[in-house]
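*Asks:*
Numbering (my numbering), first residue to last: 1 to 576.
(1) Can you tell me where the beta strand (DSSP E) with residue 206 in it begins and where it stops?
(2) Under the three-state reduction of DSSP, which class applies to residue 190: helix, strand or coil?
(3) Tell me the DSSP secondary structure of residue 107 in three-state form.
(4) Over the uninterrupted alpha helix (DSSP H) stretch that includes residue 426, give me the two end residues.
(5) Roughly how many whole angstroms lie between the Cα atoms of residue 521 and residue 155?
(6) Between residue 120 and residue 145, what straight-line distance do the alpha-carbon atoms span, to the nearest angstrom?
(7) What is the residue span of the beta strand (DSSP E) that residue 178 lies within?
(8) Excluding the 5 residues flanking residue 294 on each side, which residues of the same chain have their C-beta closer than 7 Å to its C-beta?
(9) Per DSSP, what kind of secondary structure is residue 376 in: helix, strand or coil?
(10) Apply the 10 Å Cβ neighbour rule to residue 495 and answer buried if 16 or more other Cβ atoms are within range, or exposed otherwise.
(11) Mark residue 339 as exposed unless 16 or more other C-beta atoms lie within 10 angstroms of its C-beta, in which case mark it buried.
(12) Of all the alpha helix (DSSP H) runs that stay within the bounds of the region 484 to 559, which reach a length of 4 or more residues?
(13) By DSSP, does residue 404 sit in helix, in strand, or in coil?
(14) From the DSSP output, in three-state form, read off residue 137 for me.
(15) Can you give me the C-alpha to C-alpha distance between residue 537 and residue 199, rounded to a whole angstrom?
(16) Go ahead and label residue 557 buried or exposed: buried means 16 or more other beta carbons lie within 10 angstroms of its beta carbon, across all protein chains shown.
(17) Using the three-state DSSP reduction, which class does residue 102 fall into: helix, strand or coil?
(18) Hey, residue 178 and residue 545: beta-carbon distance below 9 Å or not?
(19) For residue 315, which of 442, 242 and 343 has the nearest alpha-carbon?
(20) Please list the terminal residues of the continuous alpha helix (DSSP H) segment that includes residue 337.
(21) Measuring alpha carbon to alpha carbon, tell me which of 118, 96, 216 and 137 ends up nearest residue 83.
(22) What span of residues does the beta strand (DSSP E) with residue 253 cover, start to end?
(23) Quick one: any contact between the region 416 to 428 and the region 358 to 368, if contact means 3 or more CB pairs under 8 Å?
(24) Who are the Cβ neighbours of residue 539 in its own chain at under 6 Å, not counting the five residues just before and after it?
(25) Can you have a look at residue 123 and say buried or exposed, based on whether 16 or more other CB atoms are within 10 angstroms of its CB?
(26) Here's the rule: buried if 16 or more other CB atoms are within 10 angstroms of the residue's CB, otherwise exposed. What is residue 385?
(27) Kindly indicate the opening and closing residues of the alpha helix (DSSP H) around residue 437.
(28) Alpha carbon to alpha carbon, how far is residue 261 from residue 573? Give it in angstroms, no decimals.
(29) Under 7 Å Cβ to Cβ from residue 133, same chain only, skipping five residues before and after it: list those, please.
(30) Alpha carbons only, please: which of 541, 550 and 567 is nearest the one belonging to residue 313?
(31) On a CA-only basis, which of 195, 449 and 220 is nearest residue 425? Give me that one, please.
(32) Are the beta-carbon atoms of residue 551 and residue 205 separated by less than 9 Å?
(33) With a threshold of 16 other CB atoms inside 10 Å of the CB of residue 161, please say whether the residue is buried or exposed.
(34) Pick out whichever of 566, 211 and 535 has its Cα sitting closest to the Cα of residue 548.
(35) Can you grab the Cα-Cα spacing for the pair residue 291 / residue 335, in whole Å?
(36) Please classify residue 577: is it buried, with 16 or more other beta-carbons within 10 angstroms of its beta-carbon, or exposed?
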């Protein structure tokens, strides 16, 4: 038998080996050595260990000199036409995917080592013969960015089609600013229900300017949305405290990010200015001691552990994290400082006040984590969260001393910063486990009226869709029926009352699965549910920080123009 020294395949006849050698068009004929079968293993190993370095270090020569086996096939091709345009597009797509996987690769893909790797791969398996990457493809950044508009438009069409297929003609849109050091940027994201899940699409990223007014931000949002959705689509906006809600209210319902609101509640009460004005010096001292304990040099993560399995959203930046950490890991901290013989900080800690403050603040942070759940609907939880915290602060306000004063401040801050919008009330009623249970009876009619109002606002868009209008509903408005009953049915009140009379769910339901099952029974409410329950309660998502860091890095290093940066962030979020 004869063995190919390049790949190790054995052949019984010499003529077969010669035919096989023609397949190694990308290699020089001298790389394939004919050796006896008995010595094949040693020769294969030595050939494979010697050939690649020679190929990498070899100086690049003209194609005709390096690949004599292919001279006839490639003699008519110029260096720039060795690779068809389709192959160039495939390479550009792979480069864009590398960039989207890590935007730090913007400078890497043109680096020396990356080019060596690409050159080796081309040498080893190129169909059209080995060639110089720099000569044929040129600068990788330039190649990738040349095809960026094409890929951007391809993915943009997919996102536009997805948003255009929205059966309930309603979406949620978040415009949230994320800070990284002194800089920040706005991230615009659209949300809608697709099947039984919430799907999000990042539509745009824009660097924030301190001079940006609410109208300017709103104008940018409307310009971006106009490229993806129809003007008649119903929109609920969720913004943070930096974005004025007045401008967005003109285009649709505008809600404030619930995590930002609760963060403002805590910050306004526990700010040093407020505490000094109220002469609560013991609270200031406790916060300072907790900050020193949690941030002391030499304390490893395993000493404290983590506060929770699920982290709060990026917009939660509370001064209370150190306090809650010290309260949860108090015994471990005491043991640590006891071994270090530094008990002075522990002795200055007000343990009683620490426990009382933790009892107030732990439910607040837990509420923020629940409201920022990215896999389940959360808008229906806003009003119950407000009611629960209001009851907590009211109950603690009856205690004596500093805790009572703090709870009165928390009640005032909750009413001032944590605003409950009618959309939150409607979303709550669409949860079959809650319905109207969290609110007192005198508010029931108001909420039911708001549900009917929303149904009436969008019913014109639904009227043309027969699949959501069952025959049984159409047959109810018959001649001789009382005018008031006809009006109630037209506004959807009868459907709302029928739904409310059904027993509450005892277990936590999958909301989209539930409304999918009762669509024919509660047609109008199902449409409303698939719209509102897709709107998140919190505007910032877990990936916002990383996305903003990369966008600001590109901006600072001037690696891309703002337009190309926006397109690349769009691909990163929606293509991978």
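C-beta atoms are modelled at their ideal positions from N, C-alpha and C, and glycine is treated no differently.
*Replies:* Quick answer:
(1) Your numbering for residue 206 matches position 206 in the chain shown. First-last of the beta strand (DSSP E) with residue 206: 197 to 207.
(2) What you label residue 190 is simply residue 190 of the chain shown in a count that begins at 1. Strand, per DSSP.
(3) As a working note, residue 107 is residue 107 in the chain shown. Here residue 107 sits in helix by DSSP.
(4) To locate residue 426, count along the chain shown from 1; it is residue 426. Where residue 426 is concerned, the enclosing alpha helix (DSSP H) stretches over 422 to 429.
(5) Counted from its first residue, the chain shown places residue 521 at position 521. Counted from its first residue, the chain shown places residue 155 at position 155. Approximately 37 Å between the Cα atoms of the pair.
(6) Numbered from 1 along the chain shown, position 120 holds the residue referred to as residue 120. Numbered from 1 along the chain shown, position 145 holds the residue referred to as residue 145. If I take the Cα positions, the gap works out to 23 Å.
(7) Residue numbering aside, residue 178 sits at position 178 when the chain shown is read from its first letter. Here the beta strand (DSSP E) through residue 178 covers 170 to 180.
(8) On the chain shown, residue 294 is found 294 positions in, with the first residue counted as 1. Cβ neighbours of residue 294 beyond the five flanking positions: 322, 325 and 326.
(9) One-based indexing of the chain shown puts residue 376 at position 376. Reduced to three states, the DSSP call for residue 376 is coil.
(10) As a working note, residue 495 is residue 495 in the chain shown. Residue 495 comes out buried.
(11) The count along the chain shown starts at 1 and reaches residue 339 at position 339. The residue is exposed, with fewer than 16 neighbouring Cβ atoms inside 10 Å.
(12) 493 to 501, 511 to 517, 523 to 532 and 544 to 557
(13) Here residue 404 is taken as the residue at index 404 of the chain shown, counted from 1. Residue 404 falls in the helix class under three-state DSSP.
(14) Translated into positions along the chain shown, residue 137 becomes position 137. Coil, per DSSP.
(15) For the purposes of this step, residue 537 is identified with residue 537 of the chain shown, where counting begins at 1. For the purposes of this step, residue 199 is identified with residue 199 of the chain shown, where counting begins at 1. Computed Cα separation, rounded: 15 Å.
(16) Residue mapping note: residue 557 aligns to position 557 of the chain shown, counting from 1. By the neighbour-count rule (16 or more Cβ atoms within 10 Å), residue 557 is not buried but exposed.
(17) The count along the chain shown starts at 1 and reaches residue 102 at position 102. If DSSP states are grouped into helix, strand and coil, residue 102 belongs with coil.
(18) Locating residue 178 in the chain shown gives position 178, counting from the first residue. Locating residue 545 in the chain shown gives position 545, counting from the first residue. Cβ atoms of residue 178 and residue 545: closer than 9 Å.
(19) Mapped onto the chain shown, residue 315 falls at position 315. It is 242 whose Cα lies nearest to the Cα of residue 315.
(20) Here residue 337 refers to the residue found at position 337 of the chain shown. It spans 330 to 339 - the alpha helix (DSSP H) in which residue 337 sits, taken as one unbroken run.
(21) Here residue 83 refers to the residue found at position 83 of the chain shown. Minimum Cα distance to residue 83 is reached at 137.
(22) The residue given as residue 253 occupies position 253 in the chain shown. Residues 253 to 256.
(23) no
(24) Taking the chain shown and counting its residues from 1, one reaches residue 539 at position 539. Counting only Cβ-Cβ distances below 6 Å, and skipping sequence neighbours, we find 174, 176, 238, 240 and 257.
(25) Within the chain shown, the letter at position 123 stands for residue 123. Buried: at least 16 other Cβ atoms inside 10 Å.
(26) In the chain shown, counting from the first residue as 1, residue 385 sits at position 385. Buried is the call here.
(27) Here residue 437 refers to the residue found at position 437 when the chain shown is read from its first residue. Run containing residue 437: none; DSSP gives neither H nor E here.
(28) Here residue 573 is taken as the residue at index 573 of the chain shown, counted from 1. Here residue 261 is taken as the residue at index 261 of the chain shown, counted from 1. C-alpha separation (whole angstroms): 27 Å.
(29) Numbered from 1 along the chain shown, position 133 holds the residue referred to as residue 133. Cβ neighbours of residue 133 beyond the five flanking positions: 115, 118, 119 and 122.
(30) Against the chain shown, residue 313 aligns to sequence position 313. Nearest option by C-alpha distance: 541.
(31) Position 425 of the chain shown, counting from 1, holds the residue named residue 425. Checking every option, the nearest Cα to that of residue 425 belongs to 449.
(32) As a first step, residue 551 is located in the chain shown; it is residue number 551 there, counting from the start. As a first step, residue 205 is located in the chain shown; it is residue number 205 there, counting from the start. Yes, Cβ-Cβ distance for residue 551 and residue 205 is below 9 Å.
(33) Here residue 161 corresponds to residue number 161 of the chain shown, with the count starting at 1. Residue 161 should be labelled exposed.
(34) Taking the chain shown and counting its residues from 1, one reaches residue 548 at position 548. Per the Cα distances, 566.
(35) Mapped onto the chain shown, residue 291 falls at position 291. Mapped onto the chain shown, residue 335 falls at position 335. Between residue 291 and residue 335, the C-alpha separation is close to 18 Å.
(36) The requested residue 577 is not part of the displayed model; the chain covers only 1 to 576.
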